[in-house]
Amino acid sequence: MFARYSLAQLAVALAIAAFLLVFLIIPVVTVAYVAFADGAGGFTLSHFGSFFRLSLMRESFWNSLYVGLWSVAIATLIAVPLAYFTVRFEFRGALVIQTLGVLPLIMPPFVGAVAMQLIFGRSGSVNLLLNEWFGFTLPIMDGLNGVIFVEALHYFPFILMNLVVALNNIDSSMEESAQNLGASGLRLFRRIVFPLAMPGYVAGAALVFIKVFDDLGTPLVLHQTNLLAPQAYLRITQIGIDDPIGYVASVIMVVASLFALWASTWVMRGKDYATLQRGYAGLAKRRLGPGQTVLAYGWIVLVLAVVLAPHLGILLLSIAKVWSFSVLPDAYTFDHYTTVFRDSPRMIWNTMLYCGIAAALDVVIATAIAYLMLRTRVPGRNALDFTVTIALAIPGVVLGIGYLRTFRGIEIPFTGELLTSSWILIALGYTVRRLPYALRSCVAALQQLHVSLEEAAENLGASKRRTILRVVVPLMAGGMLAGFITSFMTAAVELSMTIMLVSSQNDAPMSYGIYLYLQSAAGRGPGAALGILAVALVAVGTYLSYRIIGSRVGAAQARDIQRIGM
Amino acid sequence: MEPLHKVKVEFSGVSFSYGKTPVLREVSVTIEPGEFFALLGPSGSGKSTLLRLLAGFLQPQSGTMRVGGEDLTRVPPWQRDIGMVFQNYALWPHMTVRQNVAFGLEEHRLPSEEIGRKVAAALDLVGLGDLGARRPSQLSGGQQQRVALARTIAIEPKVLLLDEPLSNLDAKLRIHMRVELLALQRKLGITTLFVTHDQEEALSIADRVAVLDGGVIQQVGTPMELYDHPANRFTANFVGTINLLHGTLEQQDGATVFRSELLGAITLGRVAAPGGAAEIAIRPHALKLASLHAAGDPALVWVEGKVAEREFLGEFVRYTVRVGDTDLVADQPHYGGEPGFAPGAAVKVGINPAQVKLLRA
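Just so you know, the protein sequences line up as chains A and B, in that order.
Numbered continuously in the numbering used here, the first sequence closes out at residue 556.
Numbered continuously in the numbering used here, the second sequence closes out at residue 436.
Here it is in structure tokens:
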């Protein structure tokens, strides 16, 4: 190479930077600006003062922290034993448990929340049975408990997945040498296994905290509005786009999420624990003793039952005629599905459209950033990666408010339609919010691709552009597909930002429709039915894309990666 | 550190397989107290598996393992007191050097001041007394290995297991470390099992060597025994370089004669061996090369051939001489100013019958 980077590369980097600037940075900065502006162009802390003088806001602030931390704690209690047992011991059903990881991606917590109330609520199935048999009830779903319970059950897989990967990456000799020196059982876990898996755990825990802080649907569905996200939403939608209190709540949410993200990297700084050595077989799975087996299976069956409860509950709810004050529905019907098919083909189409656009844009942008980062020396390439990662910590409500404020009064050229009332903003918002997922898949795929494969192509006369088209993209296709699917699935169930940006029923996607239905008691059945349809749609879409592209690409990729010894 | 109590290690009839793939078949071998014992074999021969069985990370399907007379076969790894140094050292990255070395002592519930003393002693012993506060990632490969060694001997195990301990070091350091390892083992007197695929390593420092192939012990002996009297074709080939020749054995005038097309008859003297097909082995340095017209020593058997290749190795020149359709490797000492034979030169090869080893069929 003669130049350190080409003009084409620079142009691509600038285009991506401009996109991120307009649709991520400026909206967030605008929110912060409003929170600190005194209306005359000066800086003021008075909005923060008024925020903390309102007892409801103080309460919401502490409640959000309380719910976030407890959700992480309970998710940890669920995930850590599951991960450890299934990775380290001979265990039937390990695959089933690890597959649970995709559940929260395809069904958001606010959908399950209604079912959870019917099953675990004060007069839900479990408490009805407990009361009948033992004469007491558990306040699992009362007040904030309900939010914590629902969030922990939906988001624990983030810890589980990260922990499973981390545990699998620990070289078997790390544990063997500890056993060789006399350590076993819980001490072995506490002193060697857990510290080495710590980076995975911390990453997962930070993600759970951020997700819980971000979630608007669950508190709204459970009628717990004394949290930051619902307050920000209510202030803006009920008092108005100019009410500074909503902006202050937004800034606090962003700061808390960024803090969680920063803390997780700070705790782990300088601790590169990737200990897996080449040529070493994984650790032989251990056998559990008879007593341990009973305990472990007992715990896991209990956890699985509770984790699957909202999913089963929503299925039951979608075919229930009446389900109230009873263990199971009293009668069954398919009417709700009929209603949904009559009312919401438009919503299904909108979801496909918005999420399809968002996922496609995500993959294109993510592939470009991955290539710029790993294969070129374009200035600012790491800043792009950093900015995209930051998007992970921007709550949907905040981004939604930022869009409404930033693009206020701006018209789309030639149509005269306001940008803020157009569905285009929803699709672009999804693109920004789901870009981090697509980026991680694409970066991982490109990292596995040895640079010598590209050098060989160039050596045989292929230009940079031809090399990317004929070698890089085909070999990255698996990762790109994974990125597309993850972006699509998670965008399909996005609600926090959708609520802010949907301006007419006509533009509403499925997630918004489910939320609207679930608002009223009569709408629960159709809401559940639409939820099941959304899950089915996402599942079928995932399956088909794997069938069409995945198997061919996946197999070829696996072969190539094996061949170059990685 | 004080010399440790010396114990005997016995494997009897140990078999192990991964699923249906047998890895070790009926392995029986006894390692004497205080011995520095090498397990030598190519990769896949089962040598590391034998070590991992003794450490308790694998369970044999049959057979027993005794250490100091005590049957350890069913004891879990953490109760065996058999120290193992791993090939990749397996130092825990989240602990300092001192914490790594203290780990085993803490697991053995020693009082803290004793732990402090023993950690310092172990680090001093490997010459790393002042690096206790470092993290493993801040050490060189050689230093990491010393820490791994210190961590293992700190608990004063009954037996020391070394899994390819020198394979991750560069060539110079490897030779230096093997001398140090031997000195340390002699000082502590600990019974030591040492796994390697490098025959030079095994021959140079082990008291005795077991040669493994295909999960079976081919031969056990001192390095010199293995070299001079390989029991079979595998050992002959694996330990050092050797020429192998096929032929038949006959009894003639009370002596055993090896007859082959290539060499004619070679009288091996009084060797108790059955007649019929046989194989002999000759080390390259036991062959003598001479030009065709030179007068050859009549005590040797001479055959004519042509130099196919020559490799100059400093102290000697390794010739590959084509005789009929067989290649013989002959090492000739090199002294300054002697040009030796050029490729293509016609030479005669002298074989000393006293240096010919008859292999068991």
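By construction, the Cβ of each residue, glycine as well, lies at the ideal position given by its N, Cα and C atoms.
Small disclaimer: the values here were computed from a predicted structure and weren't measured.
Query raised in the report: Near F309/B, which residues of its chain fall below 6 Å by C-beta distance, leaving aside the five closest residues on each side in sequence?
Result: The residue you call residue 309/B lines up with position 234 of the second sequence. Only D288 and Q293 meet the Cβ criterion.
Query raised in the report: Can the beta-carbon of Q136/B be found closer than 8 Å to that of S103/B?
Result: Here residue 136/B refers to the residue found at position 61 when the second sequence is read from its first residue. Here residue 103/B refers to the residue found at position 28 when the second sequence is read from its first residue. Their beta carbons are not under 8 Å apart, which means Q136/B does not touch S103/B by this criterion.
Query raised in the report: What's the call for Y164/B, buried or exposed, on a 16-neighbour Cβ count within 10 Å?
Result: Against the second sequence, residue 164/B aligns to sequence position 89. Classification for Y164/B: buried.
Query raised in the report: For Q228/A, which residues in chain B fall below 8 Å Cβ to Cβ?
Result: Taking the first residue of the first sequence as position 1, residue 228/A is located at position 238. Those do not exist, as Q228/A stays about 50 Å from chain B at its closest Cβ, beyond 8 Å.
Query raised in the report: Nearest chain A C-beta to P520/B closer than 8 Å, yes or no?
Result: No answer is possible for residue 520/B: it lies beyond the span of chain B, which begins at 76 and ends at 436.
Query - Q282/A at chain B interface by Cβ criterion, 8 Å - result: On the first sequence, residue 282/A is found 292 positions in, with the first residue counted as 1. No, because no Cβ of chain B sits closer than 8 Å to the Cβ of Q282/A.
Query raised in the report: Quick one: what's Y145/A bridged to in DSSP?
Result: Within the first sequence, numbered from 1, the residue matching residue 145/A stands at position 155. Answer is none; Y145/A lacks a bridge partner.
Query raised in the report: Nearest-angstrom Cα distance between E325/B and R334/B?
Result: By one-based count along the second sequence, residue 325/B stands at place 250. By one-based count along the second sequence, residue 334/B stands at place 259. Cα-Cα distance, rounded: 8 Å.
Requested in this report: Select from A30/A, L307/A and V291/A the residue whose C-alpha is nearest the C-alpha of V109/A.
Outcome: Stepping through the first sequence from its first residue, residue 109/A is reached at position 119. It should be noted that the sequence gives Ile, not Val, for residue 109/A. I109/A has its Cα closest to that of L307/A, out of A30/A, L307/A and V291/A.
Report task. Taking only the alpha-carbon atoms, compute the straight-line gap between L362/B and Q407/B and give it to the nearest angstrom. Result -> Stepping through the second sequence from its first residue, residue 362/B is reached at position 287. Stepping through the second sequence from its first residue, residue 407/B is reached at position 332. L362/B and Q407/B: Cα-Cα distance of roughly 8 Å.
Query raised in the report: So the beta strand (DSSP E) K381/B belongs to, where does it begin and stop?
Result: Counted from its first residue, the second sequence places residue 381/B at position 306. It spans V376 to F387 - the beta strand (DSSP E) in which K381/B sits, taken as one unbroken run.
Report task. Indicate whether F111/B and Q218/B have their beta-carbon atoms separated by less than 8 Å. Result -> Locating residue 111/B in the second sequence gives position 36, where the first residue counts as 1. Locating residue 218/B in the second sequence gives position 143, where the first residue counts as 1. No. Outside cutoff.
Query raised in the report: In the stretch 168 to 181 of chain A, which residues sit with their C-beta less than 9 Å from some C-beta in chain B, listed in chain order?
Result: A168, Q169, N170, L171, G172, A173, S174, G175, R177, L178 and R181
Report task. Kindly indicate the opening and closing residues of the alpha helix (DSSP H) around Q107/A. Result -> Locating residue 107/A in the first sequence gives position 117, counting from the first residue. P99 to F110 is the span of the alpha helix (DSSP H), which, as asked, contains Q107/A.
Query raised in the report: How about I265/B and I341/B: do their beta carbons lie closer than 8 Å?
Result: The residue you call residue 265/B lines up with position 190 of the second sequence. The residue you call residue 341/B lines up with position 266 of the second sequence. Contact flag unset, no.
Query raised in the report: Would you report the Cα separation of V137/A and M131/A, rounded to the nearest angstrom?
Result: Within the first sequence, numbered from 1, the residue matching residue 137/A stands at position 147. Within the first sequence, numbered from 1, the residue matching residue 131/A stands at position 141. In a straight line, the C-alpha of V137/A is about 7 Å away from that of M131/A.
Requested in this report: In the DSSP assignment, find the unbroken beta strand (DSSP E) run with I400/A in it and report its ends.
Outcome: Position 410 of the first sequence, counted from the first residue, corresponds to residue 400/A. Run containing I400/A: none; DSSP gives neither H nor E here.
Report task. Compute the Euclidean distance between the alpha carbons of G392/A and F148/A, then round it to the nearest angstrom. Result -> Numbered from 1 along the first sequence, position 402 holds the residue referred to as residue 392/A. Numbered from 1 along the first sequence, position 158 holds the residue referred to as residue 148/A. Rounded to whole angstroms, G392/A to F148/A spans 28 Å at the Cα level.
Report task. Run down chain B in chain order and give the residues with a C-beta less than 8 Å from the C-beta of M164/A. Result -> In the first sequence, residue 164/A corresponds to position 174, counting from 1. Under the 8 Å cutoff, chain B gives A165 and W167.
Query raised in the report: For the candidate residues E275/B, P349/B, G322/B and G339/B, whose alpha-carbon lies nearest to that of V314/B?
Result: Here residue 314/B refers to the residue found at position 239 of the second sequence. Closest by alpha carbon: E275/B.
Query raised in the report: Which whole runs of the beta strand (DSSP E) in the stretch 214 to 269 of chain B are 3 residues long or more, in chain order?
Result: 234 to 238
Query raised in the report: Any contact of the stretch 205 to 223 of chain A with the stretch 395 to 411 of chain A, i.e. 3+ C-beta pairs under 8 Å?
Result: no
Query - Cβ neighbour criterion (16 or more within 10 Å) applied to V140/A - result: Within the first sequence, residue 140/A is the residue found at index 150, counting from 1. The residue in question, V140/A, is buried, as its Cβ has 16 or more Cβ neighbours within 10 Å.
**Report entry** Boundaries of the alpha helix (DSSP H) in which Y505/A is found, first to last residue
**Finding:** Locating residue 505/A in the first sequence gives position 515, where the first residue counts as 1. Residues M500 to Q509.
Report task. Work out the CA separation of K193/B and A193/A for me, nearest whole Å. Result -> Stepping through the first sequence from its first residue, residue 193/A is reached at position 203. Stepping through the second sequence from its first residue, residue 193/B is reached at position 118. Spanning the two alpha carbons is a distance of roughly 38 Å.
Report task. Take the Cβ of I569/A as the centre, count every other Cβ of all protein chains shown within 10 Å, and call the residue buried at 16 or more, exposed below. Result -> Since the first and last residues shown for chain A are -9 and 556, residue 569/A lies out of range.
**Report entry** Residue interval of the beta strand (DSSP E) (run including N318/B)
**Finding:** Locating residue 318/B in the second sequence gives position 243, counting from the first residue. That run of the beta strand (DSSP E) goes N318 to Q327.
Query raised in the report: Cα-Cα, which of S366/B, P414/B and E379/B is closest to E386/B?
Result: The sequence position of residue 386/B within the second sequence is 311, counting from 1. Of the candidates S366/B, P414/B and E379/B, the one whose C-alpha sits nearest the C-alpha of E386/B is P414/B.
Requested in this report: Drop a sphere of 10 angstroms on the beta-carbon of N53/A, count the other beta-carbons inside from all chains shown, and report buried for 16 or more, exposed for fewer.
Outcome: For the purposes of this step, residue 53/A is taken as residue 63 along the first sequence, with counting starting at 1. Buried: at least 16 other Cβ atoms inside 10 Å.
Query raised in the report: Which residues of chain B have a Cβ atom closer than 7 Å to the Cβ of D28/A, listed in chain order?
Result: Counting from 1 along the first sequence, the entry for residue 28/A is found at position 38. By Cβ distance, chain B contributes nothing, its closest Cβ being about 49 Å from D28/A, past 7 Å.
**Report entry** Interface residues of the stretch 141 to 165 of chain A facing chain B [CB-CB below 8 Å]
**Finding:** D161, S163 and M164
Report task. Quick one: which residues of the stretch 223 to 237 of chain B get their C-beta closer than 9 Å to a C-beta of chain A? List them in chain order. Result -> A223, R226, T227, A229, I230, P232 and L236
Requested in this report: From the DSSP output, read off the bridge partner residues of Q134/B.
Outcome: Position 59 of the second sequence, counting from 1, holds the residue named residue 134/B. DSSP output for Q134/B lists no bridge partner at all.
Query raised in the report: Pick from A310/A, Q495/A and L389/A: whose alpha carbon is nearest that of S486/A?
Result: Locating residue 486/A in the first sequence gives position 496, where the first residue counts as 1. S486/A has its Cα closest to that of L389/A, out of A310/A, Q495/A and L389/A.
Requested in this report: State yes or no: is the beta carbon of M140/B nearer than 8 Å to at least one beta carbon in chain A?
Outcome: For this step, residue 140/B is matched to residue 65 along the second sequence. Not an interface residue.
**Report entry** Cβ distance (whole Å) where G468/A is taken to contact A435/A below 8 Å
**Finding:** Stepping through the first sequence from its first residue, residue 468/A is reached at position 478. Stepping through the first sequence from its first residue, residue 435/A is reached at position 445. Right, their Cβ atoms sit about 6 Å apart.
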